[in-house]
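One structure is given here, and the rest of the page talks about it.
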Amino acid sequence: MIMLPEVGHYLLILAMMFAFVLAVLPMVGYFKRNAILLSTAKPLTYVMTILTCASFVVLAIAFAQDDFSVLYVSQNSNSLLPIWYKVSAVWGGHEGSLLLWITILTLWAALLALKSHTLPNSTGPVVLSVLGIIATGFLAFILFTSSPFLRLLPDQPVDGVDLNPLLQDIGLIIHPPMLYMGYVGFSVAFAFAIAALITGNLNASWARWARPWTNVSWAFLTLGIALGSWWAYYELGWGGWWFWDPVENASLMPWLAGTALIHSLAVTEKRGVFKSWTVLLAIFTFSLSLLGTFLVRSGVLTSVHAFASDPTRGVFILALLVIIIGSSLFLYALRASQVKSKVSFGLTGRESWLLINNILLTILTLTVLLGTLYPLIFDAFDLGKISVGAPYFNAVFSPIALLLIIFMGIAPLAKWHNTKGSLLWRMSWLPAILATALSSLVFTFHDFDAYLWLSFAIALWLVLMCVRDWLDKVLSTRQSLWQRACKLPRHYYGMQLAHLGVAVSLIGVIFVSMNSTETIVRMAPGDRVTVAHYDFEFLGTRHVEGPNYTADTGIINVYENGENIAQMLPQKRLYQARQQMMTEAALNPGFTRDLYISLGERLEGDAWGIRIYVKSFVRWIWLGGLLMMAGGLLAAWDKRYRRKTGA
Amino acid sequence: MHPVRKKRMTIIAVILTVFAAATGLVMYALSQNINLFYSPTQIAAGEAPQNVTIRAGGMVVDNSVERKKDSLDVAFMVTDYQHTVRIEYSGILPDLFREGQGIVAQGKLDGRGVLIASEVLAKHDEEYMPPEVTDALEKAKAQ
Numbered sequence: 006m007i008m009l010p011e012v013g014h015y016l017l018i019l020a021m022m023f024a025f026v027l028a029v030l031p032m033v034g035y036f037k038r039n040a041i042l043l044s045t046a047k048p049l050t051y052v053m054t055i056l057t058c059a060s061f062v063v064l065a066i067a068f069a070q071d072d073f074s075v076l077y078v079s080q081n082s083n084s085l086l087p088i089w090y091k092v093s094a095v096w097g098g099h100e101g102s103l104l105l106w107i108t109i110l111t112l113w114a115a116l117l118a119l120k121s122h123t124l125p126n127s128t129g130p131v132v133l134s135v136l137g138i139i140a141t142g143f144l145a146f147i148l149f150t151s152s153p154f155l156r157l158l159p160d161q162p163v164d165g166v167d168l169n170p171l172l173q174d175i176g177l178i179i180h181p182p183m184l185y186m187g188y189v190g191f192s193v194a195f196a197f198a199i200a201a202l203i204t205g206n207l208n209a210s211w212a213r214w215a216r217p218w219t220n221v222s223w224a225f226l227t228l229g230i231a232l233g234s235w236w237a238y239y240e241l242g243w244g245g246w247w248f249w250d251p252v253e254n255a256s257l258m259p260w261l262a263g264t265a266l267i268h269s270l271a272v273t274e275k276r277g278v279f280k281s282w283t284v285l286l287a288i289f290t291f292s293l294s295l296l297g298t299f300l301v302r303s304g305v306l307t308s309v310h311a312f313a314s315d316p317t318r319g320v321f322i323l324a325l326l327v328i329i330i331g332s333s334l335f336l337y338a339l340r341a342s343q344v345k346s347k348v349s350f351g352l353t354g355r356e357s358w359l360l361i362n363n364i365l366l367t368i369l370t371l372t373v374l375l376g377t378l379y380p381l382i383f384d385a386f387d388l389g390k391i392s393v394g395a396p397y398f399n400a401v402f403s404p405i406a407l408l409l410i411i412f413m414g415i416a417p418l419a420k421w422h423n424t425k426g427s428l429l430w431r432m433s434w435l436p437a438i439l440a441t442a443l444s445s446l447v448f449t450f451h452d453f454d455a456y457l458w459l460s461f462a463i464a465l466w467l468v469l470m471c472v473r474d475w476l477d478k479v480l481s482t483r484q485s486l487w488q489r490a491c492k493l494p495r496h497y498y499g500m501q502l503a504h505l506g507v508a509v510s511l512i513g514v515i516f517v518s519m520n521s522t523e524t525i526v527r528m529a530p531g532d533r534v535t536v537a538h539y540d541f542e543f544l545g546t547r548h549v550e551g552p553n554y555t556a557d558t559g560i561i562n563v564y565e566n567g568e569n570i571a572q573m574l575p576q577k578r579l580y581q582a583r584q585q586m587m588t589e590a591a592l593n594p595g596f597t598r599d600l601y602i603s604l605g606e607r608l609e610g611d612a613w614g615i616r617i618y619v620k621s622f623v624r625w626i627w628l629g630g631l632l633m634m635a636g637g638l639l640a641a642w643d644k645r646y647r648r649k650t651g652a
Numbered sequence: 280m281h282p283v284r285k286k287r288m289t290i291i292a293v294i295l296t297v298f299a300a301a302t303g304l305v306m307y308a309l310s311q312n313i314n315l316f317y318s319p320t321q322i323a324a325g326e327a328p329q330n331v332t333i334r335a336g337g338m339v340v341d342n343s344v345e346r347k348k349d350s351l352d353v354a355f356m357v358t359d360y361q362h363t364v365r366i367e368y369s370g371i372l373p374d375l376f377r378e379g380q381g382i383v384a385q386g387k388l389d390g391r392g393v394l395i396a397s398e399v400l401a402k403h404d405e406e407y408m409p410p411e412v413t414d415a416l417e418k419a420k421a422q
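Those protein sequences? They're chains A and B, same order as listed.
When we follow my numbering, the leftmost residue of the first sequence carries the number 6, and every step to the right adds one.
When we follow my numbering, the leftmost residue of the second sequence carries the number 280, and every step to the right adds one.
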């Protein structure tokens, strides 16, 4: 058993060999029209996947068994760490999270191989082969620069330095796998696009195959981002839900591009237009996923997320990035000129509305990209070290996003090719008036702010337009509402759900910024403070021993209208192995408001600096994310993707 | 004009207008929200502007942290081992703030050459050093 880490390393080397063979043989088979070589793609994919997963399991066993002779285990675990954190510590650091990345890639590839019987005979192997190329690159990256299996022999440490306390949390157990499922899942759409360029089969069928895969990846990415935001909210101890941090932006950019891709795939599949744009978008989306990995892993940016990093890794992954993106764009330049769209569309057709969607989402992606990379560009030209603050992103992002949401209300009820102006008018006048009126009504109870008023009206507009569209589709004199509602396809409900999710998140964002109260106060035992309409009484602190930390727990009674509604227990923890301080916020969650308390520092005597926040509707932000995810999954499970398509 | 060409022109015109508007917005927002980093040496040499939001950072000097007894006001010095800058802040310092650690603060310089910080940046990891601070230390050492 003592050899287990070496076995893991060996499995990973074998996986890379198989990935390389997968990258070569089926591709050669395609060009030589050799059916035997083409047929190797599926078994090679399965072997590569099994080897990679086995290697991942070996690393997890090393963590579970406290094998501190393994450098990576000793840096990210500790014998006192609870077992579920030991397992999630596998992806708590750089090496392991890359191993998770590649494991998920191979799992996607294996799933694709399982489903590839629905594809024409030559397409499936080429798609798998493209995934093999990506897998080879990343496995080489792990093996040459970041192997998690390196040993500390003979001087093995008695105990590990522990997992970073910030990561000892349920949110961080599930956030990275979900995020990576999304990031890496876009590689499937990318592989379909590249395969379409290689085979020259740039008709609408590739879009049809890529759609469910893209939807599912997008759903996972949505969940991953929402979980990350939720985690940052309660674990960083300052109660924000989005910081425009480079690492957050790194996950937001593929999400924005992926959202555009979902819509343009729909147009390409249904109408056969935007063909070359959709291919380009698939390439961009995955490139942004790779860029995200590079930004997070190279440490080139100052970020609250940045962990200690090693520049050689940055160079390697940058090279990988340049090769993958460069060669796909080169291929695109060679092939895309042959694509001609034969179908035309009118200016009022749904194609045009979705074109607007794509333009706005592309602009949003570019503005985030610019803000994120601007410090790097500035530095590269030796103009000084700068940072681009959250005000930039808020100022640029929110007006464009609001514009996009206005159009989100209209596009679903537009018809393909051409929409009569009278139809748009008939459907939208009532929701527009209602949204304006309701928003105005809400603001009679609140200080008026024109921008928030407009934002809220837009959120309501989107909800009402979704309802209006549904009513239009189900109301009929001949059948009952229920019968017609059941007849509507799943992808329609998926779309509606995702769009409503956007509205729900937007409402959350508006109310958090409009109606939240944030105070930072100095409190000694016995002190009382009123925040919003709640009274907070600080009773003092008591000492608590955790499994791998000691803590001061603050005891705070909360009163509403003189009635004690809760006792909240925020903690200040000291993790022993790293001697690292951690703030554990106390939450009293609710559907319409959260109470949020975190301990700052101990000041004189028993007095503490304490943050007390009352946050309105903050949960709606993540609830919207969950709705979007559910919508994406529902759309992907539509019956129409089950049918076999002819070669 | 031919109807197809007319439609194409309309689409291109719309795209260009939207991009132009977005570019304008981006340029304006960037010009307002870029925060330059200055090292203690640069601040001592008077290179940093007053009353403009900037970033400054260095190593927190040992025994330099002073707290007010009755409020959340705190002051400390950061150094690049050539010069030091005093930073004043009101609020709760991040968990990983410690003497001897590299930090970055964002705020405005007042007439005394003191940085009145609106934000002191937290890091996730105690081994992590902000790249600006590393750079500032190297430059100061080279002098």
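Where a beta carbon is used, it is the ideal one built from N, C-alpha and C, also for glycine.
These numbers were taken from a predicted model, which means no experiment stands behind them.
In this structure, the alpha-carbon of Asn-363 (chain A) lies about 18 angstroms from that of Arg-213 (chain A). Only buried fits Thr-290 (chain A), as 16 or more other CB atoms lie within 10 angstroms of its CB. If you draw a 10 Å sphere on the C-beta of Lys-280 (chain A), you find 16 or more other C-beta atoms in it, and that means buried.
Assigned with DSSP and collapsed to three states, Met-8 (chain A) falls in coil, not helix or strand. Taking the beta carbon of Tyr-397 (chain A) as reference, the chain B residues within 9 angstroms of it are Val-305, Ala-308, Leu-309, Gln-311, Asn-312 and Ile-313, listed in sequence order.
Secondary structure of Met-408 (chain B) (DSSP, three-state): coil. Burial is judged here by how many other beta carbons sit within 10 angstroms of a residue's own beta carbon; Val-320 (chain A) has fewer than 16 and is exposed. For Ala-591 (chain A), the enclosing beta strand (DSSP E) has its first and last residue at 591 to 593. Here Val-514 (chain A) really is in contact with Ile-626 (chain A); their C-beta atoms are around 6 angstroms apart, less than 8 angstroms. In terms of CA proximity to Pro-380 (chain A), A:Asp-250 leads the group A:Asp-250, A:Ser-256, A:Phe-622 and A:Arg-276. Bounds of any alpha helix (DSSP H) do not take in Leu-171 (chain A), whose DSSP letter is neither H nor E. By the Cβ rule, the segment 611 to 629 of chain A counts as touching the segment 223 to 237 of chain A, because three or more pairs are nearer than 8 angstroms.
A residue is called buried once 16 or more other Cβ atoms fall within 10 Å of its Cβ, and Met-288 (chain B), having fewer, is exposed. For Phe-355 (chain B), no chain A residue has a Cβ inside 9 angstroms of its Cβ, as the nearest lies near 13 angstroms away. Each of B:Gly-390, B:Phe-316 and B:Ser-318 was checked against the Cα of Asn-330 (chain B), and the nearest Cα belongs to B:Gly-390. Here Ala-537 (chain A) carries a coil assignment [DSSP, helix/strand/coil]. Taking CB atoms only, Val-340 (chain B) has no neighbour in chain A less than 8 angstroms away. If you check each beta-carbon in the segment 582 to 608 of chain A against every beta-carbon of chain B, the ones closer than 9 angstroms belong to Arg-583, Gln-584, Gln-585, Met-586, Met-587, Thr-588, Ser-603, Leu-604, Gly-605, Glu-606 and Leu-608. At a cut-off of 3 residues, the continuous stretches assigned as beta strand (DSSP E) that sit fully inside the segment 374 to 456 of chain A are 391 to 393. For Gly-370 (chain B), the chain A residues whose Cβ falls inside 7 angstroms of its Cβ are Ile-525, in order along the chain.
Distance between Ser-222 (chain A) and Pro-259 (chain A), taken at the CA atoms: about 11 angstroms. Thr-150 (chain A) is not a Cβ neighbour of Thr-298 (chain A), given a cutoff of 8 angstroms. Under the 8 angstroms Cβ criterion, the segment 306 to 322 of chain B counts as touching the segment 385 to 402 of chain A, having at least three qualifying pairs.
A Cβ-Cβ separation of about 5 angstroms places Ser-269 (chain A) in contact with Thr-283 (chain A) under the 8 angstroms criterion. Across the set A:Pro-181, A:Tyr-497 and A:Glu-100, the C-alpha of A:Tyr-497 shows the shortest separation from the C-alpha of Ala-635 (chain A).
For Arg-616 (chain A), a Cβ of chain B is located within less than 8 angstroms of the residue's own Cβ.
Annotation: the continuous alpha helix (DSSP H) that includes Phe-298 (chain B) extends over 282 to 312.
For Ile-294 (chain B), the chain A residues whose C-beta falls within less than 8 angstroms of its own C-beta are Ile-364, listed in chain order. Chain-ordered, the chain A residues with CB closer than 7 angstroms to the CB of Lys-348 (chain B) read Glu-609.
According to the DSSP assignment, Val-383 (chain B) belongs to no alpha helix (DSSP H) but to the beta strand (DSSP E) extending over 381 to 388.
Residue state for Leu-544 (chain A) is assigned as strand, using DSSP reduced to three classes. Taking 4 residues as the shortest admissible run, the segment 316 to 369 of chain B contains the following complete alpha helix (DSSP H) segments, listed from N- to C-terminal end: 319 to 323. The beta-carbon separation of Val-357 (chain B) and Val-344 (chain B), rounded to 11 angstroms, does not stay under the 8 angstroms limit for a contact. When 9 angstroms is used as the limit between beta carbons, Arg-284 (chain B) is near no residue of chain A, the shortest such separation being about 12 angstroms. Cβ atoms of Gly-394 (chain A) and Asn-342 (chain B) stay farther apart than 8 angstroms, at about 32 angstroms.
Where Ala-612 (chain A) is concerned, there is no enclosing alpha helix (DSSP H), because DSSP gives it neither an H nor an E.
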